[in-house]
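Reading through the structure tokens given below for one structure.
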Amino acid sequence: MVPIDLSSAPVHPHVPNGVNGVNGKKLNGVNGVNGTNGHATPKSPAKQFNPYAPRYADFLSNVSNFNIIESTLREGEQFANAFFDTETKIKIAKALDAFGVEYIELTSPAASEQSRADCEAICKLGLRAKILTHIRCHMDDARIAVETGVDGVDVVIGTSSFLREFSHGKDMAYITRTAIEVIEFVKSKGIEVRFSSEDSFRSDLVDLLSIYQTVDKIGVNRVGIADTVGCANPRQVYDLVRTLRGVVSCDIEIHLHNDTGCAIANAFCALEAGATHIDTSVLGIGERVGITPLGGLVACLYAANPEYVKAKYNLPALRELENLVAEAVEVSVPFCNPITGYCAFTHKAGIHAKAILNNPSTYEILKPEDFGLTRYVSIGHRLTGWNAVKSRVEQLQLNLTDDQIKDVTAKIKELADVRTQSMEDVDTLLRVYHSGVESGELELGQRHVLDRLLEKHRSQSQERMPAAAA
Ligand SMILES: [Zn+2]
Numbered sequence: 001m002v003p004i005d006l007s008s009a010p011v012h013p014h015v016p017n018g019v020n021g022v023n024g025k026k027l028n029g030v031n032g033v034n035g036t037n038g039h040a041t042p043k044s045p046a047k048q049f050n051p052y053a054p055r056y057a058d059f060l061s062n063v064s065n066f067n068i069i070e071s072t073l074r075e076g077e078q079f080a081n082a083f084f085d086t087e088t089k090i091k092i093a094k095a096l097d098a099f100g101v102e103y104i105e106l107t108s109p110a111a112s113e114q115s116r117a118d119c120e121a122i123c124k125l126g127l128r129a130k131i132l133t134h135i136r137c138h139m140d141d142a143r144i145a146v147e148t149g150v151d152g153v154d155v156v157i158g159t160s161s162f163l164r165e166f167s168h169g170k171d172m173a174y175i176t177r178t179a180i181e182v183i184e185f186v187k188s189k190g191i192e193v194r195f196s197s198e199d200s201f202r203s204d205l206v207d208l209l210s211i212y213q214t215v216d217k218i219g220v221n222r223v224g225i226a227d228t229v230g231c232a233n234p235r236q237v238y239d240l241v242r243t244l245r246g247v248v249s250c251d252i253e254i255h256l257h258n259d260t261g262c263a264i265a266n267a268f269c270a271l272e273a274g275a276t277h278i279d280t281s282v283l284g285i286g287e288r289v290g291i292t293p294l295g296g297l298v299a300c301l302y303a304a305n306p307e308y309v310k311a312k313y314n315l316p317a318l319r320e321l322e323n324l325v326a327e328a329v330e331v332s333v334p335f336c337n338p339i340t341g342y343c344a345f346t347h348k349a350g351i352h353a354k355a356i357l358n359n360p361s362t363y364e365i366l367k368p369e370d371f372g373l374t375r376y377v378s379i380g381h382r383l384t385g386w387n388a389v390k391s392r393v394e395q396l397q398l399n400l401t402d403d404q405i406k407d408v409t410a411k412i413k414e415l416a417d418v419r420t421q422s423m424e425d426v427d428t429l430l431r432v433y434h435s436g437v438e439s440g441e442l443e444l445g446q447r448h449v450l451d452r453l454l455e456k457h458r459s460q461s462q463e464r465m466p467a468a469a470a
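Using the UniProt record's numbering, you'd call the opening residue of the sequence shown number 1 and step up by one each time.
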């Protein structure tokens with residue numbers, strides 16, 4: 001996101017209430033629509049129209065002011081492969097805390113006796129993150145939850161016609177009555193409470209807004225929107241959150257399933273529309289294909305405001321956290337995973353490699369060093385370029401001229417046309433070329449001499465092999 005200079009934006013005195021006060025933070029009455037408030041001075045026409053000036057809607061954005069509710073130990077338990085014993089849950093909770101998420105959400109203590117005991121055990125760890133548990137909108141569950149020592153309770157009930165008809169079979173009047181009872185009970189225990197609908201995007205908008213308004217009035221801390229079936233697109237998410245932002249003053253949480261691959265984009269749009277809390281899980285694990293992945297969301301928000309995200313989270317801890325969860329659920333981290341996928345910072349094409357070596361920002365929006373990782377410039381392939389090879393020559397402290405590097409690059413391409421060369425293959429070639437030049441045996445363009453030197457090197461190393469093996 002381009003930083004916006006607010007200093008020149010006009011101040012509008014009549015900003016409607018209702019839509020500010022996000023996270024208790026008063027937004028200044030700046031609407032940024034230049035030239036529309038009638039106070040612009042005609043003497044400075046250049047200032048009257050600025051297409052890049054912030055728009056009113058920009059001040060709703062919480063892209064640089066959000067909390068993560070990490071649900072690996074709740075939603076993640078619904079992942080097909082997941083079975084977390086107590087020890088694993090504690091390890092994951094500690095790793096999430098070390099990363100710096102603001103909230104850790106746990107499976108309902110009403111689910112099983114072990115779930116209840118684990119919930120108590122995690123509450124006793126004294127983590128910095130607040131501990132939440134996720135329950136059905138039911139007094140029986142609420143009574144068990146408040147006794148576990150959690151900092152807050154996330155209450156959920158289905159509001160779509162599908163869920164009302166085929167799941168719990170209750171009408172909106174019953175849902176509202178129960179919600180009020182549960183919320184008032186949890187609040188009376190002095191802990192946070194969130195009320196969320198389920199399958200929000202297929203619920204009746206009037207029903208939704210009216211129940212959210214009701215629970216907001218009785219002092220719920222957050223209302224939650226859930227794309228339980230993963231059907232929403234970014235624009236729908238923006239519109240619903242934006243509408244909700246106009247009718248409630250409490251915080252807004254969003255829970256997004258990833259069935260169509262939109263979960264990260266949807267989370268970003270939710271923040272832009274004024275949501276304050278985003279649900280995630282490590283690697284996105286959850287029911288079906290899961291929810292917004294923590295690492296992917298962090299990548300997306302880092303791209304928008306790196307300083308804010310770096311200050312908030314221990315980014316180098318991400319890889320270890322993902323490896324821990326991947327191992328626990330017996331999957332591997334996908335190659336295309338943002339930040340930690342094995343090729344996330346690998347640069348291959350010659351043109352890319354050259355620019356990366358001059359200035360990494362040319363092709364990197366994320367800095368690997370901020371995540372405790374390093375970039376890798378791949379050079380043993382037919383798309384390689386001599387600038388990338390030169391950088392490797394320098395790393396190996398070999399002394400070759402640019403013409404010699406171009407000459408050896410042509411050989412790398414020739415070999416890579418047959419098969420991709422490993423870094424070791426390339427290093428060997430560079431060393432053989434270099435010693436040929438040093439000894440005076442090899443001159444520019446003498447491909448047959450180079451082939452002979454390479455062959456000699458190969459047979460010498462094969463001769464050494466049995467000795468090395470013994
Ligand atoms: Zn879910």
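Yeah, the Cβ is synthetic: ideal placement off N, Cα and C, and Gly gets one too.
Residue i CB to nearest heavy atom of ligand 1 below 7 Å
{"i": "I225", "result": "no"}
{"i": "T228", "result": "yes"}
{"i": "E70", "result": "no"}
{"i": "E253", "result": "no"}
{"i": "I291", "result": "yes"}
{"i": "G286", "result": "yes"}
{"i": "H257", "result": "yes"}
{"i": "E75", "result": "yes"}
Three-state class that DSSP yields for residue i in the structure shown
{"i": "Y363", "result": "coil"}
{"i": "H352", "result": "helix"}
{"i": "V393", "result": "helix"}
{"i": "I285", "result": "coil"}
{"i": "H255", "result": "strand"}
{"i": "K124", "result": "coil"}
{"i": "H275", "result": "Reading off the sequence shown, one finds Ala at residue 275, where the question assumed His. DSSP places A275 in coil when its eight states are reduced to three."}
{"i": "D403", "result": "helix"}
{"i": "T107", "result": "coil"}
{"i": "E455", "result": "helix"}
{"i": "R382", "result": "coil"}
{"i": "F195", "result": "strand"}
{"i": "E113", "result": "helix"}
{"i": "I131", "result": "strand"}
{"i": "T346", "result": "strand"}
{"i": "G158", "result": "strand"}
{"i": "R222", "result": "strand"}
{"i": "D417", "result": "coil"}
{"i": "residue 538", "result": "Any answer about residue 538 is impossible in this case: the structure gives the chain only from 1 up to 470."}
{"i": "V408", "result": "helix"}
{"i": "D227", "result": "strand"}
{"i": "L153", "result": "Reading the sequence as shown, one finds Val at residue 153 and not Leu. Here V153 sits in strand by DSSP."}
{"i": "N314", "result": "coil"}
{"i": "P293", "result": "strand"}
{"i": "R55", "result": "coil"}
{"i": "N65", "result": "coil"}
{"i": "N280", "result": "The amino acid occupying residue 280 in the given sequence is Thr; Asn does not appear at that position. Looking at T280 - three-state DSSP - the assignment turns out to be strand."}
{"i": "V329", "result": "coil"}
{"i": "R464", "result": "helix"}
{"i": "V215", "result": "helix"}
{"i": "E102", "result": "coil"}
{"i": "E443", "result": "coil"}
Cβ of residue i within 8 Å of any chain D Cβ
{"i": "A93", "result": "No chain D appears in this structure, which consists of one protein chain only."}
Expected contact under 8 Å - CB spacing of residue i and residue j to nearest Å
{"i": "H162", "j": "D199", "result": "Looking at the sequence provided, one finds Phe at residue 162 rather than His. Contact holds; Cβ gap of about 6 Å."}
{"i": "L442", "j": "L453", "result": "7 Å"}
{"i": "A326", "j": "L373", "result": "With a Cβ gap of about 16 Å, A326 and L373 do not count as contacting."}
{"i": "T159", "j": "I211", "result": "7 Å"}
{"i": "I92", "j": "L324", "result": "6 Å"}
Cβ-heavy atom distance, residue i to ligand 3, below 7 Å
{"i": "E70", "result": "Among the ligands present in this structure, namely ligand 1, ligand 3 is not found."}
**Request:** Tell me, please, whether the region 306-319 touches the region 342-356 by the rule of three or more beta-carbon pairs shorter than 8 Å.
**Result:** Too few Cβ pairs lie closer than 8 Å, so no.
**Item:** the region 361-371 in contact with the region 387-396 per 3-pair CB rule at 8 Å
**Value:** The answer is no - the region 387-396 does not touch the region 361-371, with fewer than three Cβ pairs under 8 Å.
**Prompt:** Can we say the region 416-435 touches the region 369-384, given the rule of at least three CB pairs closer than 8 Å?
**Reply:** yes
**Prompt:** For the region 104-124 against the region 287-304, are there 3 or more C-beta pairs whose distance is under 8 Å?
**Reply:** Contact between the region 104-124 and the region 287-304 is absent: fewer than three C-beta pairs spanning the two stretches fall below 8 Å.
**Request:** Count the CB pairs spanning the region 186-201 and the region 130-149 that are closer than 8 Å, and state whether there are at least three.
**Result:** yes
**Asked** Okay, do the region 223-238 and the region 253-267 touch, 3+ Cβ pairs below 8 Å being the bar?
**Response** yes
**Message:** Contact between the region 334-344 and the region 91-106 is defined here as three or more beta-carbon pairs at a separation below 8 Å; is this criterion met?
**Reply:** no
**Message:** Does the region 69-86 come into contact with the region 261-276, if we say contact requires no fewer than three beta-carbon pairs (one atom in each stretch) closer than 8 Å?
**Reply:** no
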